[in-house]
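Peer 1:
Protein chains in written order, with this note's numbering: chain A, 1 to 414; chain B, 1 to 967.
Right, here's the structure in full:
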């Protein structure tokens, strides 16, 4: 059933008894052409684009818990593409292009809101960084503007320009913004389901079936499932565990990343503001909550919660920069677990096992890439090797040194 | 207005009737007593409508009187979303309603509830995005405007917040019967105890609930327990423990102070959370939890209504009934959901007072007064099945409905600590299982609901933590009364017209939860996210049980399998300011700071330090810098370099240690000589530099960059923790002040200041280090040449820094010595092509890319980063730092401008300035290996997209032979 204002009205007349489930709840079949492990935003987007663009039929997405329950449900929903390096700019800008129009494409309102995103510069070296990145964005065709402190104040009238973290300028991406994170998973799930993809929840992969160094299927808590063509693994925070099941290791460390929201407030902040130097990121949701994120917890862990200190470390700069929020109540804090690669860029790659591909290592910045990642990984699965966008993100770069080291080059968190 | 609903003493434990306070609510003046909350004072004045609901803008009033719901959220001038049942009134306080369109009493947006059918759960996912861009351009701004609750005041004065650490053996959270009893037993056993309670007064339910017909047991027990703990336990009242973090780390908020408590063990005696009954119009003002009515009566001396209906499924509801009767409220009826309840003294007493009791009945619907502003009737119907009623019963006029159908244990803290929530079908209640080590529950949260059981459970909890109880505390007598079943197994009554609210915060009705499940969002986490159940300010305290039961019934799963969503911190709302703490803006000044101010210095930050950027007026910045540069090049200048990092490396392995930490070779360095040092990380990237001065066979004084020294020091300690070399490492950055005197007349200035050693080139050559006295001050003199002129870095104990500067100023006067700042120093070193770590390098800069191959010792087995560099150096070079120049009148590139080749970026500028010495623009930039040849033209994209063509030049730009620094 197509979603529209008309369908809303007509269903209201029947007391909403006739909506179909957003996606079927199928029993797993014995075999699929493509098996995608991980039913988060990236995995579901992969399935959707594989079915839609590359004619993939007979696809399963296996999710160990509930759809979108990993980092899709836990991020601060920021979307941008103003990266420094060409490989990053290409991938993330492809993603931003897909965000614009995604709701219409998948017939589900993901509430993409390109309200503009500011990166603040607090030091002279921050100013150099935004200048360099701004120029690089220009070269790559990514929209970017450098703002003066006064222009920053026009965007955020109550910002404290002269506090402990003085605001010396900002890099603006107007096409950046936020989206309703859960809806992205649901929208892709529903759209993929409509194209025949089986989304199988409560189905944890417990092992890979490998013969002649080629993956031929997976073992799951709901039985063995054979893969006729390829297996794509798209986990959130457990890539290392899955790689180990397949018999190889990934250069990944896993750390918690926390965020928190305030109680709902009348609209007060109309853009996304990021301060990389002090790790304080803030926006306001459509419901009115301030959504606040910070830096990673400084230790490795698979637990989806973090330390109290980290919350204090984020709140400090937030009230320095935005003193008016000091009386705002925090409603809820939570943690996700992020897979961090040595160069902080993702892995979209073939693996030592034939026909087994991994899409992982998105670290602290995977949400914004959801459609782009899905589209690039779908191409990879369809072709059996990396396409143009995915090519720079091969595992081999950690051996040959061709890193895509955005963080090191620009000192900007994802 | 008079306080018509006020009850006489002894009702009103918390209020002081001697102190009358006046305040304003929604534009009208009211009076209350000191100790009143906003909600209790308004209730005393018969004002029940406190807020408007989130979606339908329905009138809402008191629900819990415990600060646990969004119904009482009001707006203070400086603060949004304030809990009116928590916030105390003050003289002159101004309180407003929030989230309404029009006025609080007449909200134009209440029409929305008539369209509820067209706004089903998740409706906004199903439309509003066609045509393209209409969401962000029209609908989103519209929805945003309609959403949100209170307003942030942009002009509010800043508040003071701070933090404090506390430590204890046992932290007990909850100061009711069980918590007090645990505290007493723990104190008896010798434990250092902190007792944390969120209320103004210890006692918990002992303060307001009714445990016996005479209503005397609670007060007596309370006094007995308070006597036991007096002076023996640290008590935090009005303090909320907002989370449990690893190893019993507890953030406890008390006013504007955050106490961070590290406890060895924890006892949570947090009690139960009373749940609402779900029926048609159960959100009207005048409908509240039974415990809320009791709190109003006992704590605040406020009559909660005049004619009440009580809906209950346990004996507590009868206690409520007796309290109401004693407060002069007539009770029209009790609807007891149980068909055949076991006899109970409280129920017996109610019956004896001629209150009509309907067994096997519920309140099925309520009707409102005009504008939904208050409840006016309650319809009592007989139960005919789970959630269904048959006709019969009665419809009673009332202005108060008390709901006491059951409880949830306060699961949040235990679950954060790792406990699991189970569901006991026979008791129809959630239970907490698998408690972690060093963690115990006590009292109602642990199903011990009678007074005796709660006290015994408090003592037992102490024993489970490994303490031996005294004989007095060690009674194992079992309770004579059987534990009562306090929950009904079903408390939700769907209504054809809906508006039976499951979640008050989010205006969610029964159909919303069921529709979410039908849409496929049947997992409790999906249902929460799709319907927003439990996402509001009360975080599901009153919705979790209903949602779990509804979803379980929709999916056919058990309630245990369905579960509830994760209990995240904070337990109660906490201000961002409390988390952020006190404003703290550290700033470091060198010993000569006042001198710089006197000289008219313009300062710039360098990490936490303030350093003179240049001396003179900002409008003449360029001239000032040029003047300073030319003085150094042609005459003599002095610069404060106290902020440089300083490290003392002493011990028999000092040379070996430096050999491993830095890239160069130091074991053969002669005493009295200085060498350049460069440090790499394990990736082979250059991360710091400085000089190492060998003062003694076993003693090096090493400098590091201003911003890098702390990291360098940390690295050194970390590495030596592995290497275990015989070496002591100390960071002495702040212990030394230093001045660099540079220029052809530097030697004469030093002699004039009075120096007790031979300064001639022969006796004290370039890169030598000596100890001496300068102007009578003990000093370390280092002949280094960062700015490329003959010069001396004079390091003295920081206390002498000011004296040194004065002495040099006096001695230099006749030579026209020029103080110079960081800007001039940067330009001078750029002319010499000395790199600045962090400006000319980034986190990917390998030594050979920044022309530091010469600083790598070839013949040593190891240094940090050597292995990585060995691999990297075999790969083709990807970029290199080169010098470039442009004519003085070209567009001037700035740091971070890009070098463009064709359509792509091929490099970037790291440093660039106009050089008055050379009368041209000079700079350094990373370029591709193809662009490194001298004379190559590189194109730089400058401000505004203007392209500038620069020539690659040999480095350094100035005094290539280094003759001047060696004079």
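All C-beta atoms in this analysis are idealised placements derived from N, C-alpha and C, irrespective of residue type, glycine included.
Since the model is a prediction, treat every value here as computed from it, not as a measurement.
When you compare only the Cα positions, how much space is there between residue 239 of chain B and residue 261 of chain B?
Peer 2: On the second chain, position 239 is the one that residue 239 of chain B refers to. On the second chain, position 261 is the one that residue 261 of chain B refers to. Their Cα atoms are separated by approximately 12 Å.
Peer 1: Would you be able to state if there are at least three C-beta pairs under 8 Å between the region 773 to 789 of chain B and the region 744 to 756 of chain B?
Peer 2: As far as the Cβ criterion goes, the region 744 to 756 of chain B touches the region 773 to 789 of chain B, which means the pair count is three or higher.
Peer 1: Quick one: does the C-beta of residue 96 of chain A sit closer than 8 Å to a heavy atom of the ligand ADP?
Peer 2: No copy of the ligand ADP occurs in the structure displayed, which carries no ligand at all.
Peer 1: Which residues in the same chain have their Cβ closer than 6 Å to the Cβ of residue 102 of chain B, if we skip the five residues on either side of it in sequence?
Peer 2: For the purposes of this step, residue 102 of chain B is identified with residue 102 of the second chain, where counting begins at 1. Once the five neighbours on either side are set aside, the close Cβ partners of residue 102 of chain B are 108.
Peer 1: Per the DSSP calculation, residue 947 of chain B is bridged to which residue(s)?
Peer 2: Counting from 1 along the second chain, the entry for residue 947 of chain B is found at position 947. Beta-bridge pairing links residue 947 of chain B to B/941.
Peer 1: Under three-state DSSP, which class holds residue 192 of chain A?
Peer 2: The residue labelled residue 192 of chain A in the question sits at position 192 within the first chain. Reduced to three states, the DSSP call for residue 192 of chain A is helix.
Peer 1: Quick one: using the 10 Å Cβ neighbour count with 16 as the cut-off for buried, is residue 197 of chain B buried or exposed?
Peer 2: In the second chain, counting from the first residue as 1, residue 197 of chain B sits at position 197. Under this definition residue 197 of chain B is a buried residue.
Peer 1: So does the region 220 to 228 of chain B actually touch the region 247 to 254 of chain B, counting three or more Cβ pairs closer than 8 Å?
Peer 2: Because the criterion of three Cβ pairs below 8 Å is not met, the region 220 to 228 of chain B and the region 247 to 254 of chain B do not touch.
Peer 1: Starting from residue 334 of chain A, follow its DSSP beta bridges and name the residues at the other end.
Peer 2: As a position in the first chain, residue 334 of chain A is number 334, starting the count at 1. Answer by DSSP bridge pairing, in chain order: A/259.
Peer 1: What number of angstroms, rounded off, separates the C-alpha of residue 76 of chain A from the C-alpha of residue 273 of chain B?
Peer 2: In the first chain, counting from the first residue as 1, residue 76 of chain A sits at position 76. In the second chain, counting from the first residue as 1, residue 273 of chain B sits at position 273. Near 31 Å, if we compare the C-alpha coordinates of residue 273 of chain B and residue 76 of chain A.
Peer 1: If you drop the 5 nearest sequence neighbours on each side, which residues of the same chain put their C-beta closer than 7 Å to that of residue 268 of chain A?
Peer 2: To locate residue 268 of chain A, count along the first chain from 1; it is residue 268. For residue 268 of chain A, where only same-chain residues beyond five positions count, the Cβ hits under 7 Å are 284.
Peer 1: Out of A/227, A/331, A/222 and A/321, which one is the CA nearest neighbour of residue 26 of chain A?
Peer 2: Counting from one through the first chain, the residue named residue 26 of chain A turns up at place 26. That would be A/222, whose Cα lies nearest to the Cα of residue 26 of chain A.
Peer 1: For the 8 Å Cβ check, are there 3 or more pairs between the region 889 to 898 of chain B and the region 128 to 141 of chain A?
Peer 2: The region 889 to 898 of chain B is in contact with the region 128 to 141 of chain A.
Peer 1: Considering only DSSP beta bridges, list what residue 150 of chain B is partnered with.
Peer 2: Counting from 1 along the second chain, the entry for residue 150 of chain B is found at position 150. Answer by DSSP bridge pairing, in chain order: A/265.
Peer 1: With 16 other CB atoms within 10 Å as the buried threshold, where does residue 122 of chain A fall?
Peer 2: By 1-based counting over the first chain, the position of residue 122 of chain A is 122. Counting Cβ neighbours within 10 Å, residue 122 of chain A comes out buried, since at least 16 surround it.
Peer 1: What does residue 357 of chain A reach in chain B if we use C-beta pairs closer than 7 Å?
Peer 2: Locating residue 357 of chain A in the first chain gives position 357, where the first residue counts as 1. Those do not exist, as residue 357 of chain A stays about 27 Å from chain B at its closest Cβ, beyond 7 Å.
Peer 1: For residue 250 of chain B, which residues does DSSP report across the bridge?
Peer 2: Locating residue 250 of chain B in the second chain gives position 250, counting from the first residue. The partner list for residue 250 of chain B (beta bridge, DSSP) reads B/261.
Peer 1: Assuming residue 950 of chain B contacts residue 938 of chain B under a Cβ cut-off of 8 Å, what Cβ separation, rounded to an integer in Å, is found between them?
Peer 2: The count along the second chain starts at 1 and reaches residue 950 of chain B at position 950. The count along the second chain starts at 1 and reaches residue 938 of chain B at position 938. Residue 950 of chain B to residue 938 of chain B, Cβ: 5 Å. Contact.
Peer 1: When you compare the CB of residue 136 of chain B with every CB in chain A, is at least one pair closer than 9 Å?
Peer 2: The count along the second chain starts at 1 and reaches residue 136 of chain B at position 136. Answer yes: the Cβ-Cβ gap between residue 136 of chain B and chain A drops below 9 Å somewhere.
Peer 1: With DSSP collapsed to three states, give me the class of residue 488 of chain B.
Peer 2: Here residue 488 of chain B corresponds to residue number 488 of the second chain, with the count starting at 1. Correct three-state label for residue 488 of chain B: coil.
Peer 1: Alpha carbon to alpha carbon, how far is residue 379 of chain B from residue 321 of chain B?
Peer 2: Working through the second chain from its first residue, we reach residue 379 of chain B at position 379. Working through the second chain from its first residue, we reach residue 321 of chain B at position 321. Using only the alpha carbons, I get a separation of about 18 Å.
Peer 1: Between which two residues does the alpha helix (DSSP H) holding residue 579 of chain B run?
Peer 2: Taking the second chain and counting its residues from 1, the one referred to as residue 579 of chain B is at position 579. Element bounds for residue 579 of chain B: 576 to 580.
Peer 1: Taking 9 Å as the threshold (C-beta atoms), are residue 345 of chain A and residue 361 of chain A in contact?
Peer 2: Indexing the first chain from 1 puts residue 361 of chain A at position 361. Indexing the first chain from 1 puts residue 345 of chain A at position 345. Their beta carbons are under 9 Å apart, which means residue 361 of chain A touches residue 345 of chain A by this criterion.
Peer 1: Excluding the 5 residues preceding and the 5 following residue 102 of chain A in the sequence, name in chain order all residues of the same chain whose CB lies nearer than 7 Å to its CB.
Peer 2: The residue labelled residue 102 of chain A in the question sits at position 102 within the first chain. Result list for residue 102 of chain A: 110, 112 and 371, in chain order.
Peer 1: Can you check whether the CB of residue 831 of chain B is closer than 9 Å to the CB of residue 918 of chain B?
Peer 2: Along the second chain, one-based indexing puts residue 918 of chain B at 918. Along the second chain, one-based indexing puts residue 831 of chain B at 831. Yes; because the gap between Cβ atoms is below 9 Å, this pair is in contact.
Peer 1: Find the nearest neighbour of residue 269 of chain B within the set B/814, B/164, B/173 and B/904, judged by alpha-carbon distance.
Peer 2: Locating residue 269 of chain B in the second chain gives position 269, where the first residue counts as 1. Nearest option by C-alpha distance: B/173.
Peer 1: Is residue 148 of chain A close to chain B? Criterion is C-beta to C-beta, closer than 9 Å.
Peer 2: As a position in the first chain, residue 148 of chain A is number 148, starting the count at 1. No, because no Cβ of chain B sits closer than 9 Å to the Cβ of residue 148 of chain A.
Peer 1: Do we get a CB-CB distance below 9 Å when we pair residue 9 of chain A with the residues of chain B?
Peer 2: Along the first chain, one-based indexing puts residue 9 of chain A at 9. Cβ-Cβ to chain B under 9 Å: yes for residue 9 of chain A.
Peer 1: Please work out which residues of its chain come closer than 7 Å, Cβ to Cβ, to residue 613 of chain B, disregarding the five sequence neighbours upstream and downstream, and give them in chain order.
Peer 2: Stepping through the second chain from its first residue, residue 613 of chain B is reached at position 613. Result list for residue 613 of chain B: 602, 603, 604, 821, 822 and 823, in chain order.
Peer 1: In angstroms with no decimal places, state the Cα-to-Cα distance between residue 284 of chain B and residue 95 of chain B.
Peer 2: On the second chain, position 284 is the one that residue 284 of chain B refers to. On the second chain, position 95 is the one that residue 95 of chain B refers to. Rounded to whole angstroms, residue 284 of chain B to residue 95 of chain B spans 21 Å at the Cα level.
Peer 1: Would you kindly report the start and end of the unbroken beta strand (DSSP E) that includes residue 924 of chain B?
Peer 2: Reading the second chain from its first residue, position 924 is the one you call residue 924 of chain B. From DSSP, the beta strand (DSSP E) with residue 924 of chain B extends over 920 to 927.
Peer 1: Under the rule that 16 or more other beta-carbon atoms within 10 Å means buried, what is residue 277 of chain A, buried or exposed?
Peer 2: Mapped onto the first chain, residue 277 of chain A falls at position 277. With 16 or more Cβ atoms within 10 Å of its Cβ, residue 277 of chain A is classed as buried.
Peer 1: Mind pulling the chain B residues with CB within less than 7 Å of residue 104 of chain A?
Peer 2: Counting from one through the first chain, the residue named residue 104 of chain A turns up at place 104. Per Cβ cutoff of 7 Å: 129, 130 and 132.
Peer 1: Report yes if the CB atom of residue 328 of chain A is closer than 9 Å to the CB atom of residue 81 of chain B, and no otherwise.
Peer 2: Locating residue 328 of chain A in the first chain gives position 328, counting from the first residue. Locating residue 81 of chain B in the second chain gives position 81, counting from the first residue. Result yes, Cβ atoms of residue 328 of chain A and residue 81 of chain B sit closer than 9 Å.
Peer 1: Give me the Cβ distance between residue 147 of chain B and residue 287 of chain A, rounded to the nearest whole Å; I'm assuming they're in contact under 8 Å.
Peer 2: The sequence position of residue 147 of chain B within the second chain is 147, counting from 1. The sequence position of residue 287 of chain A within the first chain is 287, counting from 1. Right, the Cβ-Cβ distance comes to about 5 Å (below 8 Å), so this counts as a contact.
Peer 1: What residue does the alpha helix (DSSP H) around residue 321 of chain A start on, and which one ends it?
Peer 2: Counting from 1 along the first chain, the entry for residue 321 of chain A is found at position 321. Run containing residue 321 of chain A: 308 to 321, per the alpha helix (DSSP H) assignment.
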